[in-house]
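In terms of this note's numbering, the sequence shown is residues 6 to 310. By construction, the Cβ of each residue, glycine as well, lies at the ideal position given by its N, Cα and C atoms. No experiment lies behind these values; they were computed from the predicted model shown. To start, the structure under review is shown below, and the notes come after it.
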Amino acid sequence: MPDGRRRLALLDDAPARRAGPPGRAGAGLLRLAGGGHPLAFPRQCRDGRRQRPPDPPNDRGLRLSGPSGDRSVRSLQDVVRVARRFARTGQLRAGFAGSASYWEERYQNGGNSGPGSYGRLAEFKAEILNDFIRREAVTSVIEFGCGDGSQLALLDCGDYLGVDVSVTAVEACRRRFAGDDGKAFCLVADYASETADMTLSLDVVYHLVEDAVFDAYMRALFDAATRFVVVYASNHDAPGPSVHVRHRRFTDWIAANRPEWTLRDVVANRFPFKDDTAEESFADFHFFDRAVPGSAPGSVAPDAG
6 MPDGRRRLAL LDDAPARRAG PPGRAGAGLL RLAGGGHPLA FPRQCRDGRR QRPPDPPNDR
66 GLRLSGPSGD RSVRSLQDVV RVARRFARTG QLRAGFAGSA SYWEERYQNG GNSGPGSYGR
126 LAEFKAEILN DFIRREAVTS VIEFGCGDGS QLALLDCGDY LGVDVSVTAV EACRRRFAGD
186 DGKAFCLVAD YASETADMTL SLDVVYHLVE DAVFDAYMRA LFDAATRFVV VYASNHDAPG
246 PSVHVRHRRF TDWIAANRPE WTLRDVVANR FPFKDDTAEE SFADFHFFDR AVPGSAPGSV
306 APDAG
């Protein structure tokens with residue numbers, strides 16, 4: 006399978022594969038930017054059931070199914086393969102089963118998305134994002150790593166699809182936003198290559214401690230966007246202060262793998278990390294747009310000469 010279609014299943018995890026409870030019904034079509042036919046939210050994004058429709062013919066990014074057999078079986082195999090590899094190399098410390106398992110267990114035990122989704126940090130992020138959404142007339146958003154929805158509650162966006170590895174977080178979001186037909190949520194395993202004006206990655210990149218998971222995530226993030234990609238994260242290589250944190254210079258990955266996307270702007274954090282408090286962050290905003298409008302996901306910009 007070509008690199009541009011690597012399976013998002015690498016991000017999935019066995020605990021997150023349980024079916025969710027019924028949610029709201031009747032969510033309408035999500036008409037996403039970039040042309041092509043309108044896409045309906047997959048039923049499993051609305052009600053948690055695992056009945057997945059066939060992949061529509063499209064050229065908008067990753068295709069989750071393929072000729073290799075049952076998708077759920079291969080997803081589990083991918084997760085096991087990645088976990089074993091990191092265990093062999095000692096990169097998964099004792100008691101840490103991987104980033105997906107960490108977040109599912111955290112939400113199951115009553116934890117939340119972290120201090121960045123609350124208080125003054127959440128308000129700062131919402132201010133920057135809402136201003137950008139209004140200024141650029143963004144009408145559709147996909148967020149990879151939506152968490153418990155606390156940050157989303159402060160955003161003023163149009164059609165929204167939240168994707169996460171944690172079934173507990175997805176269920177919580179469905180309950181919280183049950184009355185909003187413009188919002189839908191699904192597990193990574195059920196993401197069906199939808200696209201939107203803008204994709205979001207907020208406080209996620211430095212939590213992807215496994216290289217294969219990071220690579221699959223970045224491909225999905227950029228291949229799902231038709232106009233803008235917004236990454237709120239640190240941008241340097243360094244081990245993190247805890248087992249579930251690993252800082253990455255993600256702009257190097259973009260330059261090597263998605264060169265048609267250019268860094269448009271960087272907005273420094275209003276509350277930079279200084280005193281190790283819950284109201285400070287080492288993340289900054291990085292705004293990307295496509296250097297060649299209309300180019301296909303994963304394509305390389307033509308030579309200027």
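* To do: Look at the alpha carbon of A260 and the alpha carbon of A221, and state the distance between them as a whole number of angstroms.
  => 16 Å
* Spell out a yes or no on whether the region 175-188 and the region 237-245 are touching, meaning 3 or more CB-CB pairs, one atom from each, closer than 8 Å. => no
* To do: Mind listing, in chain order, the continuous alpha helix (DSSP H) runs of no fewer than 4 residues lying wholly within the region 226-278?
  => Qualifying alpha helix (DSSP H) stretches, in chain order: 255-262.
* Asked: Going straight from the alpha carbon of E148 to that of N262, what length do you get?
  -> 20 Å
* Comparing alpha-carbon positions, which option in V168, I133, L134 lies nearest V193? -> Between V193 and the set V168, I133, L134, the nearest pair of CA atoms involves V168.
* **Beta-bridge pairing of T204 - partner residues as DSSP gives them** => According to DSSP, T204 shares a beta bridge with I147, V234.
* **Coarse secondary structure for Y222, derived from DSSP in three states** => helix
* D257, buried or exposed, once every other Cβ within 10 Å from all chains shown has been counted against 16 -> exposed
* Using the beta-carbon count (16 or more within 10 Å), is A158 buried or exposed? -> So A158 counts as exposed.
* Measure the beta-carbon distance from A294 to T267 and round it to whole angstroms, keeping in mind my assumption that it falls under 8 Å. => The question names Ala, but residue 294 in the sequence shown is Asp. With a Cβ gap of about 6 Å, D294 and T267 count as contacting.
* To do: Could you tell me the distance, in whole angstroms, from the CA atom of A174 to the CA atom of F190?
  => 9 Å
* Asked: So, using beta-carbon positions, are D242 and R253 closer together than 8 Å?
  -> yes
* **Where G124 falls, given that 16 or more other Cβ within 10 Å makes a residue buried** => G124 comes out exposed.
* **Closest by C-alpha distance to D185, when choosing among T204, Y165, A197, A201** => Y165
* Asked: Buried or exposed: where does A283 fall if 16 or more other Cβ atoms within 10 Å of its Cβ makes it buried?
  -> exposed
* For V168, name the three-state secondary structure that DSSP assigns. => strand
* Once you ignore the five residues that flank F290 on each side, which residues in its own chain have a CB closer than 7 Å to its CB? -> I133, V235, Y237, V271, V272
* When the Cα atoms are used, what is the spatial distance from T204 to R140? -> 16 Å
* Asked: First and last residue of the beta strand (DSSP E) that includes D289?
  -> Start and end: 289-295.
* Would DSSP call G182 helix, strand or coil? -> Note that residue 182 is Phe in the sequence shown, not Gly. F182: coil per DSSP, three-state reduction.
* Buried versus exposed call for A296 [16 or more other C-beta atoms within 10 Å across all chains shown] -> It counts as exposed.
* With C-beta atoms as the reference, is S286 less than 8 Å away from F278? -> yes
* Own chain residues within Cβ distance below 6 Å of I321, not counting five before or after -> Lying before the first or after the last residue shown, residue 321 is absent from the chain, which here runs from 6 to 310.
* Report the rounded CA-to-CA distance for T231 versus D280, giving the unit in angstroms. => 38 Å
* Have a look at S171 and G152 and give me their C-alpha separation to the nearest angstrom. => 8 Å
* Asked: Using CA coordinates, which residue listed in A127, R251, S145 is at the minimum distance from R155?
  -> One detail in the question is off: residue 155 reads as Ser in this sequence, not Arg. Selected option, being the one with the closest Cα: A127.
* Output yes or no for whether 8 Å exceeds the beta carbon distance between S145 and D208. => no
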